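Below: one structure, written as structure tokens.
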Amino acid sequence: MSTPEDQFKNVISHAKEYGFIFQSSEIYDGLSAVYDYGQNGAELKKNIRDYWWRSMVQMNENIVGIDASIFMHPTTWKASGHVDAFNDPLIDNKDSKKRYRADVLIEDHMAKIEDKIKKEVEKAAKRFEGFDEAMFRSTNARVLEYQAKKDEIESRFKKALEDNDLGEVKKIIEDLEIVCPVSGSRNWTDVRQFNLMFSTSMGAVTDDSNIIYLRPETAQGIFVNYLNVQKTGRMKIPFGIAQTGKAFRNEIVARQFIFRMREFEQMEMQFFVRPGTESEWYEKWKTTRIAWHKALGLGEKKYRFHDHIKLAHYAKAAADIEFEFPFGFKELEGIHSRGDFDLKQHEQFSGKKLQYFDPELNQSYVPYVVETSVGLDRLFLAILSTSFKEETIENGETRTVLSLPPQLAPIKVAIFPLMGKDGMPEKAMEIFNTLRFDHNVTYEEKDNIGKRYRRQDAIGTPYCITVDQQSLVDNTVTIRDRDTMLQERVAISAIPAMIDEKVNMKHLLKMLAEVPSKETV
RNA sequence: GCAGAAGUAGCUCAAUUGGUAGAGCUCCAGCCUUCCAAGCUGGAGGUUGCGGGUUCGAGACCCGUCUUCUGCUCCA
Numbered sequence: 003m004s005t006p007e008d009q010f011k012n013v014i015s016h017a018k019e020y021g022f023i024f025q026s027s028e029i030y031d032g033l034s035a036v037y038d039y040g041q042n043g044a045e046l047k048k049n050i051r052d053y054w055w056r057s058m059v060q061m062n063e064n065i066v067g068i069d070a071s072i073f074m075h076p077t078t079w080k081a082s083g084h085v086d087a088f089n090d091p092l093i094d095n096k097d098s099k100k101r102y103r104a105d106v107l108i109e110d111h112m113a114k115i116e117d118k119i120k121k122e123v124e125k126a127a128k129r130f131e132g133f134d135e136a137m138f139r140s141t142n143a144r145v146l147e148y149q150a151k152k153d154e155i156e157s158r159f160k161k162a163l164e165d166n167d168l169g170e171v172k173k174i175i176e177d178l179e180i181v182c183p184v185s186g187s188r189n190w191t192d193v194r195q196f197n198l199m200f201s202t203s204m205g206a207v208t209d210d211s212n213i214i215y216l217r218p219e220t221a222q223g224i225f226v227n228y229l230n231v232q233k234t235g236r237m238k239i240p241f242g243i244a245q246t247g248k249a250f251r252n253e254i255v256a257r258q259f260i261f262r263m264r265e266f267e268q269m270e271m272q273f274f275v276r277p278g279t280e281s282e283w284y285e286k287w288k289t290t291r292i293a294w295h296k297a298l299g300l301g302e303k304k305y306r307f308h309d310h311i312k313l314a315h316y317a318k319a320a321a322d323i324e325f326e327f328p329f330g331f332k333e334l335e336g337i338h339s340r341g342d343f344d345l346k347q348h349e350q351f352s353g354k355k356l357q358y359f360d361p362e363l364n365q366s367y368v369p370y371v372v373e374t375s376v377g378l379d380r381l382f383l384a385i386l387s388t389s390f391k392e393e394t395i396e397n398g399e400t401r402t403v404l405s406l407p408p409q410l411a412p413i414k415v416a417i418f419p420l421m422g423k424d425g426m427p428e429k430a431m432e433i434f435n436t437l438r439f440d441h442n443v444t445y446e447e448k449d450n451i452g453k454r455y456r457r458q459d460a461i462g463t464p465y466c467i468t469v470d471q472q473s474l475v476d477n478t479v480t481i482r483d484r485d486t487m488l489q490e491r492v493a494i495s496a497i498p499a500m501i502d503e504k505v506n507m508k509h510l511l512k513m514l515a516e517v518p519s520k521e522t523v
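Residue numbers for the first sequence follow our numbering, beginning at 3 and rising by one.
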């Protein structure tokens, strides 16, 4: 019996062996946590992206797509909070080997002092009748002492952060005698800064003033363009802007194959709504998105929601759609109710109004935003690892098959002549040349037929068509199903419709589509 | 970044105490066969991740380094 870890290793080697994913720059020993998509991987990835794009943009009258640049004005990242929040000062305890955020350690320490004050207040409240808390806090000697200590730490810490003085941050931790919660020791490394954004410089001359960042998320490209799109597209609230594209994060530890990469692709949609309706839309998008995932048929039980209790600074409500990867349930997509945080920030930093005039209310406001954001590479990994199967077939041999959703398969149909003679190749090529206009198809005549079937199984081709002697007589062929391995003899003329039924993405989209009415469009 | 494990042909793995780098599968050419990885003949494929060191001699031992996996940590 193979463990999930073994299974995952097999997925990784399969991905390489069959041209789905290669390590980047492999001949130079590779680059950590950067991967390339090979000939089959690129097709699969493109199909997943198409499924997303079409379900968002094509199937929703009020959602449009854009393609913003990776480079953005540096102030964008000040407004978004990334410049501050993506710079974590970290410190390691040498005994427990645990890593902490230095600021969190100090804040926890301050919280402990605050707890002590609270206890004093509670004690006093029990003792005295008509207790005046404000009075007590401003006069009690012990409370004042605690408060002064806390204020001192706070101002010292604030200054250290402002001066970017990491030595001082470490000294604060030492002076406060903060111990590691695990080892209980005070044996700390130096505090180090990790900037999670990649930077480069724009223009031929390098100096600090023209440093720009590679975007750490695609969302800001939508926010800064929201008014352009709204005006030129004459969009009425509620409406959405969709985008797929690369984002970059200098992760401290990036691992688990393509699950956490330094360069990755997001597919996200920001939905702009009237303030007060955001909860409704948040719930609606949660429902819509989970249905979209489940339509792929990987298994209902593979998905679950994880509602965030601790929210990021911008969020009013947040939930993840988690998927059961071989290494456990992990985040696949995030759905966030972002309020007007982003647009308000951009208003403030740019000095430009980002308001929408609502004709129904006859007033202007900054819309609220509900975001859906999927990791394309993660979805790719979810689909690949779930589809990968090593099954034992009737004759006792094992068969490796990728039971990909047929609409997403890199190659839809493989066409084989049973033998490379007697006019069979010519007949097969005829079919090949008909189908290639509609689908990604392949032709092969090398090796025996069984071997050719297995090769297609390994890359997830849903259909194999074989031209045999009988085909030359009555224009019928056998068509073999990847999952059941069963063959059916059909007329050549019936093939296009048959294939279309299974591989055309529109059937997937139809499953999801509500019939549009005047109200919903 | 810390700790553990690993890295030999495209893939999976051998190689006794430090003594000629090998097998199966794959791949290529041809033959034969013809519906689920069949067979035969021939061929290609390697600076053993990389760089140093020890040694008469290193795939193996030592040091460094890169990459991957697992745990910790981090994760908008």
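The C-beta atom is built at its ideal place from N, Cα and C for all residues, glycine as well.
Note that the structure is predicted; figures quoted are calculated from it, not measured.
Fill in: Pairwise C-alpha distance: isoleucine 175 and asparagine 197
In this structure, the alpha-carbon of asparagine 197 lies about 21 Å from that of isoleucine 175.
Worksheet item: Quick one: what does DSSP say glutamine 258 is sitting in, helix, strand or coil?
Response: In this structure, glutamine 258 counts as coil in the three-state DSSP scheme.
Worksheet item: Buried or exposed: which applies to asparagine 62, given that a residue is buried once 16 or more other Cβ atoms fall within 10 Å of its Cβ?
Response: Residue environment analysis places asparagine 62 among the buried positions, since at least 16 neighbouring C-beta atoms fall within 10 angstroms of its C-beta.
Worksheet item: Considering glycine 341, what are the terminal residues of the beta strand (DSSP E) in which it resides?
Response: In the DSSP annotation of this structure, the continuous segment of the beta strand (DSSP E) that includes glycine 341 starts and ends at 330 to 341.
Worksheet item: Is DSSP giving asparagine 12 helix, strand or coil here?
Response: The DSSP-derived three-state label of asparagine 12 is helix.
Practice prompt. Report yes or no: do three or more beta-carbon pairs, one from the region 386 to 393 and one from the region 412 to 427, lie closer than 8 Å?
Written response: Inter-segment contact for the region 386 to 393 and the region 412 to 427 is absent: fewer than three beta-carbon pairs are separated by less than 8 Å.
Worksheet item: Which stretch, first to last residue, makes up the beta strand (DSSP E) that contains glutamine 377?
Response: First, the residue type needs correcting, since residue 377 is glycine and not glutamine in the sequence shown. Element bounds for glycine 377: 370 to 377.
Worksheet entry | Three-pair Cβ contact test at 8 Å for the region 441 to 451 versus the region 410 to 417 | The region 441 to 451 vs the region 410 to 417: in contact.
Worksheet entry | Paired residues, beta bridge with leucine 92 - DSSP | Note: leucine 92 sits in a beta bridge opposite Arg103 and Arg194.
Worksheet entry | Buried versus exposed, by CB contacts within 10 Å (16 or more), serine 366 | Exposed, by the Cβ-count rule.
Practice prompt. Label proline 277 either buried or exposed according to how many other C-beta atoms from any shown protein chain fall within 10 Å of its C-beta, with 16 as the threshold for buried.
Written response: Per the 10 Å Cβ criterion, exposed.
Practice prompt. Name the residue from Phe24, Lys120, Ser34 and Met513 whose alpha carbon lies nearest to the alpha carbon of alanine 293.
Written response: Check the Cα spacing between alanine 293 and each of Phe24, Lys120, Ser34 and Met513: the tightest is with Met513.
Discussion item. Rounding to the nearest angstrom, what Cα-Cα distance links valine 475 and leucine 404 in this structure?
Written reply: Their backbone Cα atoms lie some 34 Å apart in a straight line.
Fill in: Own chain, CB closer than 7 Å to glutamine 357, minus 5 neighbours either side, in chain order
Correct list, in chain order: Ser366, Tyr367 and Val368.
Discussion item. For the alpha helix (DSSP H) containing alanine 515, name the first residue and the last one.
Written reply: Annotation: alanine 515 is outside any alpha helix (DSSP H) and is labelled neither H nor E by DSSP.
Practice prompt. Taking all protein chains shown into account, decide if tyrosine 215 is buried (16 or more other Cβ within 10 angstroms of its Cβ) or exposed.
Written response: That one is buried.
Fill in: Beta-carbon proximity check, glutamate 333 vs glutamate 324, cutoff 9 Å
At a Cβ-Cβ threshold of 9 Å, glutamate 333 and glutamate 324 count as neighbours.
Worksheet item: Does the beta-carbon of glutamine 471 have 16 or more other beta-carbons within 10 angstroms, so that it is buried, or is it exposed?
Response: It is exposed - the Cβ of glutamine 471 has fewer than 16 other Cβ atoms within 10 Å.
Worksheet item: Do glutamine 268 and glycine 247 have their CB atoms nearer than 9 Å?
Response: Yes, they are a contact pair.
Practice prompt. Could you pull out every unbroken beta strand (DSSP E) segment of at least 3 residues lying fully inside the region 8 to 62, listed in chain order?
Written response: As far as the region 8 to 62 is concerned, its whole beta strand (DSSP E) runs of at least 3 residues are 23 to 25 and 37 to 39.
Practice prompt. Drop a sphere of 10 angstroms on the beta-carbon of isoleucine 93, count the other beta-carbons inside from all chains shown, and report buried for 16 or more, exposed for fewer.
Written response: Isoleucine 93 is buried by the Cβ-count criterion.
Practice prompt. Under 8 Å by Cβ, that's how I've got glutamine 245 and methionine 74 pegged, so tell me the actual separation to the nearest angstrom.
Written response: Wrong, their Cβ atoms sit about 13 Å apart, outside the cutoff.
Discussion item. Once DSSP output is grouped into helix, strand and coil, what is the label at isoleucine 175?
Written reply: Of the three classes helix, strand and coil, the one that applies to isoleucine 175 here is helix, per DSSP.
Worksheet item: So arginine 264 packs on phenylalanine 241, CB below 8 Å; how close in whole Å?
Response: The Cβ separation is near 33 Å, so there is no contact.
Discussion item. Please identify the residue among Ile260, Thr468 and Ala430 whose C-alpha is closest to the C-alpha of serine 34.
Written reply: With distances taken between Cα atoms, serine 34 lies closest to Ile260.
Discussion item. Could you tell me the alpha carbon to alpha carbon distance between leucine 300 and tyrosine 37, rounded to whole angstroms?
Written reply: Linking leucine 300 to tyrosine 37 through their CA atoms gives a straight-line distance of about 24 Å.
Practice prompt. Go through its chain and collect everything with a Cβ distance to glycine 40's Cβ below 7 Å, but skip five positions before and after it.
Written response: By the criterion of a C-beta distance shorter than 7 Å, glycine 40 is surrounded in its chain by Gly21, Phe22, Ile23 and Phe24, once the five residues flanking it on both sides are discounted.
Discussion item. Please tell me whether, using a cut-off of 8 Å, the distance from the CB of isoleucine 68 to the nearest non-hydrogen atom of the ligand MG is below it.
Written reply: This structure lacks the ligand MG, and indeed carries no ligand of any kind.
Practice prompt. Between the Cα of isoleucine 155 and those of Asn189, Leu107 and Asp483, spot the shortest distance and give me the residue it belongs to.
Written response: Nearest to isoleucine 155 by alpha-carbon distance, out of Asn189, Leu107 and Asp483, is Leu107.
Item to complete: Consult DSSP for serine 82 and reduce its assignment to one of helix, strand or coil.
Response: In this structure, serine 82 counts as helix in the three-state DSSP scheme.
Worksheet item: Excluding the five sequence neighbours on either side, which residues of its own chain have a C-beta within less than 8 Å of the C-beta of lysine 172, listed in chain order?
Response: Within the same chain, lysine 172 has close Cβ partners Ile93, Ala104, Trp190, Asp192 and Val193.
Worksheet entry | Alpha carbon of leucine 200 to alpha carbon of valine 59, nearest angstrom | This sequence places phenylalanine at residue 200; leucine is not what is there. Each residue's Cα considered, the two are about 30 Å apart.
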